[in-house]
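Following this note's numbering, the numbering of the sequence shown begins with 877 at its first residue and continues without gaps.
C-beta atoms are modelled at their ideal positions from N, C-alpha and C, and glycine is treated no differently.
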Amino acid sequence: MLDASAPQLDSPNRTRTVLGAMTMAVACVAAVLVPATSASAAATTVASDASGRTTAGGWGAADKGGTWTTWSGPTKATFAVGGGVSSITGLVPGGSATAALAGVSVQDVEVRETIRLPQTTGGFYQGWELRRQSDGSAYRGRLEQGSSGTVALSITKVGKSGEKDLGRVALPSGVTKGSAVSVAFRAVGTGSVSLQGKGWAAGTTEPGWQLSSSDTAADRIAKPGAVGLWQYSSSSNKTVTTTTFDDLSVVQSPQDAVPVPVPVPTPTPTPAPAPTPAPAPAPTPTPDPTPTRGSVPVGSASYAVPSGALFVAPGGNDSAAGSQAAPFRTLGAAVAKAKAGGTVVLRAGSYNESVVVPFNKPLTIQAYPKEAVWLDGSVPVSSWQRSGSGWSTPWTSFPSSALLGIADNPRFLSPSFPLAGRPDQVFLDGVQLTQVTPDKLAPGTFAPDPAGGRVLIGSDPSGHELRISNKQQAIWVQAPDTTLQGFGVRRYATLDSDRGTIRLGNTGATAQDLVVVENAMIGVNLENNGGTLRRLTVEHNGMLGIGANASYDMSLSDSVVRENNWQRFKETPVSGGVKITRSRGVTVSNNDVSRNYSSGLWLDESVYDSKVVGNTVVDNEWTGIQLELSSKAVVAGNTVTGGKTGIQIIGTDDVRVYNNSVGGFSQFGIKVLQDERRQATAATGQDRRRPIPDPTMSWVTGKITIANNAFGSGGYYQVYVLDSKTNRSADSMGVTVTGNAFNQRRTTSQATLVGWGAGDNKTVTRFDTVSALSVKNSSWRNVETSSVLDLGGMTSLLTSSLGIVSALPSDIAALLGQPGTARRIGAF
877 MLDASAPQLD SPNRTRTVLG AMTMAVACVA AVLVPATSAS AAATTVASDA SGRTTAGGWG
937 AADKGGTWTT WSGPTKATFA VGGGVSSITG LVPGGSATAA LAGVSVQDVE VRETIRLPQT
997 TGGFYQGWEL RRQSDGSAYR GRLEQGSSGT VALSITKVGK SGEKDLGRVA LPSGVTKGSA
1057 VSVAFRAVGT GSVSLQGKGW AAGTTEPGWQ LSSSDTAADR IAKPGAVGLW QYSSSSNKTV
1117 TTTTFDDLSV VQSPQDAVPV PVPVPTPTPT PAPAPTPAPA PAPTPTPDPT PTRGSVPVGS
1177 ASYAVPSGAL FVAPGGNDSA AGSQAAPFRT LGAAVAKAKA GGTVVLRAGS YNESVVVPFN
1237 KPLTIQAYPK EAVWLDGSVP VSSWQRSGSG WSTPWTSFPS SALLGIADNP RFLSPSFPLA
1297 GRPDQVFLDG VQLTQVTPDK LAPGTFAPDP AGGRVLIGSD PSGHELRISN KQQAIWVQAP
1357 DTTLQGFGVR RYATLDSDRG TIRLGNTGAT AQDLVVVENA MIGVNLENNG GTLRRLTVEH
1417 NGMLGIGANA SYDMSLSDSV VRENNWQRFK ETPVSGGVKI TRSRGVTVSN NDVSRNYSSG
1477 LWLDESVYDS KVVGNTVVDN EWTGIQLELS SKAVVAGNTV TGGKTGIQII GTDDVRVYNN
1537 SVGGFSQFGI KVLQDERRQA TAATGQDRRR PIPDPTMSWV TGKITIANNA FGSGGYYQVY
1597 VLDSKTNRSA DSMGVTVTGN AFNQRRTTSQ ATLVGWGAGD NKTVTRFDTV SALSVKNSSW
1657 RNVETSSVLD LGGMTSLLTS SLGIVSALPS DIAALLGQPG TARRIGAF
């Protein structure tokens, strides 16, 4: 059972989790079923809803198909029917909602409906679920609304191991945010499941199928299942959202009809270039409300422009003086002309550049106040011609797929995503296409063809904007004390050897209020001391959102790092949200590190004296927070939900895990491990600036305090301690477990409170109650629920059990902004 207080939110693309509340809803009414028949049977409407009734506090009973079961979280949205529509209102940013006709069970199925999309400033994602099983697996047809208002259609498969893309295509420009859109999604077959989807502006001519895919994988969903709706509002939205639905139909054994052809839209004329704006004094920056996490939106930053600054504008001239009246055209020219300690100001527009800030020239590079600036690694391409089943354009830039010098290195690549290491990128109306080999070309995909000197796409480019990534790195900062602030960076075909789309290579680097999205490998990479990363939004990067190595006294704060490892590299040796290695004095605080397709936050290989405090770590595919081969850490005040393991500690000592809320995990809440690696003898992983062996870093697990944590329902073990390689018992590791609130284990299918390893590398003793656990140490004081509860249901127990709380160490209290006398179980 997943933690409904922090729902497992699905993402704009490959997300891996299932909404526990909806799974429960499906399971609870599974006894009321509509019999399934084969595809050869006549088409039959098994559910429909014209929304002709009036209800409040739910959607009531559909015209056919039973009663709607609705859910929303983390804050309740309102479900109602009236005025001829069914509505979901008040969905908060970061919230999700579901509505299910769980009494319908159908195999070969077509779902149709009309939705009025919301007006949003960020992303919004609406799904229709087909063949949904009691374990949450389903096919999902989706509308994906971007921050610019463009809408894409996609089909995914949700399973226990995550959500896999099965195809995506951009919808015509007439489908945009706030518009009424009709959709149809179909799933037919068992041995090979045929999946189709289409979306069109309501009231216009219905097109043929725009997206087709087939699923023959071993985990294909062949059984009959329920149908339902799902939606998620990105936390980047500024207000609550409202959506309305009408004319639902669910057809069993759907039959093909001849589609009416859709007229090819007239290409939008290319606008004439805007003239360079007349110079005016830079406005005095006016303070805007600063988001608690993430960058301000591109175009909202307002940094003061100092006298003597150099200016850059898309309509400028690199032979100009670089003044506000006569700006340079490129950032590269401004950097070349700037003096050490100077400031370069970018005027509104897009810059297709790769720039190096040289060693002898510390600079500040920033956007002009209130102007939207993007460093964009892609260019528009309009010269397409029909080629076989797709379209092609001449192309000469094919970036290397080498990882550590090996092309398509299998150490990094999953067999399920063999092209992840190839940095090529193509975007159709702002939606990234999926890379395939030329023989697999289909709508929503593209294929580089280096031998033929061309790029192929499977979607008709007529009337659409096509962009191909032609640059590999945005900025490499070689100078110390350099600041980047207030702009966006996107669509670079970054190589592994580039280290990062933004590479911060010297001491004292600052990156703040940057939006770094849709780059091929690592978004931001910090590789020296004293780095400050704050108020960043880093999303949809190919391998890793943020990397840091050999950075003493660094900090990452107030940032959003979500949905990275977009290309689905293996979990190891590196992928996910944030990975920090061989660093000391590390602070990671008040970040949202969520829905990354691997680990969320990973501190590995000789990180010493780290503080991981006050973060929200939700629904990362593998681990939420991981400390590996490191020493001296505080993990406090974090909310960690979803994924396989909440907090994982491997080969790390002197760790204090205080006041975290952990729940909804599929395997382990807190997992403490030891393996065979040792710092003194390992071939790699040591901090080379330290002596070897390093007296501060043994890689031997020990002195672990787990105190004042709340464990919501989920998984196999709430706490698990085991040496699986070197015969150390949990008793010998110095693990303390006190002041915690556990979930009661009522049946063998529910999570054991604590698993305690013996000294034989395999035996684990289960402690199924807090009284049993007290046998290990009579001074440990823990409590457990009287029933199985998610974190949201544990409030009464947490507030009534303060007598067991372990005193908060003064340094941890200071990190949490709490007085030393504060008493609480779970995150503050």
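Alpha carbon to alpha carbon, what distance is there between residue j and residue i?
i	j	result
Val-1651	Val-1681	19 Å
Gly-1668	Thr-965	22 Å
Asn-1603	Asp-1636	5 Å
Ala-1509	Asn-1467	17 Å
Gly-1281	Ile-1501	30 Å
Lys-1246	Phe-1121	37 Å
Asp-1429	Asn-1405	6 Å
Leu-1691	Val-1511	10 Å
Lys-1487	Val-1437	18 Å
Asp-1480	Ala-1583	23 Å
Thr-1119	Asp-1305	24 Å
Thr-1358	Gly-949	42 Å
Gly-1217	Ala-1355	10 Å
Thr-1560	Ser-1433	29 Å
Ser-1625	Ser-1010	16 Å
Ala-1387	Thr-1408	6 Å
Val-1211	Gly-1225	18 Å
Asn-1417	Thr-921	42 Å
Val-1126	Ala-953	25 Å
Val-1045	Gly-970	25 Å
Ser-1111	Thr-1645	38 Å
Asn-1491	Ser-1431	13 Å
Cys-904	Ala-1627	Note that Cys-904 scores a pLDDT of 31, beneath 50, so its modelled location is shaky; the value from the coordinates is reported in the next line. Computed Cα separation, rounded: 21 Å.
Gly-1170	Arg-1471	15 Å
Pro-1695	Val-1469	27 Å
Considering only residues of the same chain and omitting the five flanking positions on each side of residue i, which have a CB-CB separation below 6 Å?
i	result
Arg-1379	Trp-1352, Asn-1401
Phe-1587	Val-1538, Gly-1545, Gln-1594, Phe-1618, Asn-1619
Trp-1267	Trp-1260, Ile-1333, Pro-1337
Phe-1274	Pro-1324, Pro-1326
Tyr-1244	Val-1221, Arg-1223
Ser-1600	Asn-1637
Lys-1547	Thr-1521, Gln-1524, Tyr-1596
For residue i, I'd like the list of residues in its chain whose CB is within less than 8 Å of its CB, leaving aside the five on either flank, ordered along the chain.
i	result
Ser-1655	Thr-1614
Lys-1053	Leu-993, Pro-994, Gln-995, Thr-996, Phe-1000, Gln-1021, Gly-1025, Val-1027
Pro-1182	Thr-1219
Can you tell me whether residue i is helix, strand or coil according to DSSP?
i	result
Ser-1433	strand
Ser-1208	For clarity, residue 1208 is Gly in the given sequence; the question names Ser instead. If DSSP states are grouped into helix, strand and coil, Gly-1208 belongs with the helices.
Lys-1316	helix
Asp-1480	strand
Asp-1607	helix
Lys-1213	helix
Leu-967	strand
Leu-1692	helix
Pro-1326	coil
Arg-1458	coil
Met-877	Interpretation of Met-877 is limited by its pLDDT of 26, a score under 50 that renders its predicted location unreliable; no figure is taken from the coordinates.
Thr-1515	strand
Arg-1532	strand
Arg-988	strand
Thr-1168	coil
Ser-1486	strand
Ala-1296	coil
Sorted by chain position, which residues of the same chain lie with C-beta nearer than 7 Å to residue i's C-beta, five sequence neighbours on each side aside?
i	result
Gly-934	Trp-944, Thr-946, Phe-955
Gly-1208	Glu-1229, Val-1231
Arg-1575	The residue you asked about is not Arg; residue 1575 is Trp in the sequence shown. Leu-1505, Gly-1527, Arg-1553, Arg-1554, Gln-1555, listed in sequence order.
Should residue i be listed as close to the ligand ADP, given that the test is whether its C-beta is under 7 Å from any heavy atom?
i	result
Asp-1563	The ligand ADP is absent from the structure shown, which contains no ligands of any kind.
Practice item. Starting from the N-terminal side, write out each stretch of the alpha helix (DSSP H) that is 4 residues or longer and does not extend beyond the region 1349 to 1417. Key: none
Review point. Which whole runs of the alpha helix (DSSP H) in the region 1613 to 1690 are 4 residues long or more, in chain order?
Key: 1646 to 1649, 1671 to 1676
Review point. Can you list, in chain order, the stretches of the beta strand (DSSP E) that have 3 or more residues and sit fully within the region 1227 to 1288?
Key: 1231 to 1233, 1240 to 1243, 1249 to 1252, 1254 to 1256, 1261 to 1263, 1266 to 1270
Check your understanding: Using 8 Å as the threshold, is the region 1226 to 1235 in touch with the region 1348 to 1366, meaning 3 or more CB pairs across them?
Key -> yes
Review point. Is there contact between the region 1361 to 1368 and the region 1168 to 1177, where contact requires at least three CB pairs shorter than 8 Å?
Key: yes
Practice item. Determine, using beta-carbon pairs with one atom in the region 1186 to 1193 and one in the region 1306 to 1323, whether at least three such pairs fall under 8 Å. Key: no
Exercise for review: Evaluate the contact criterion for the region 922 to 939 versus the region 956 to 963: three or more CB pairs, one atom per stretch, below 8 Å.
Suggested key: yes
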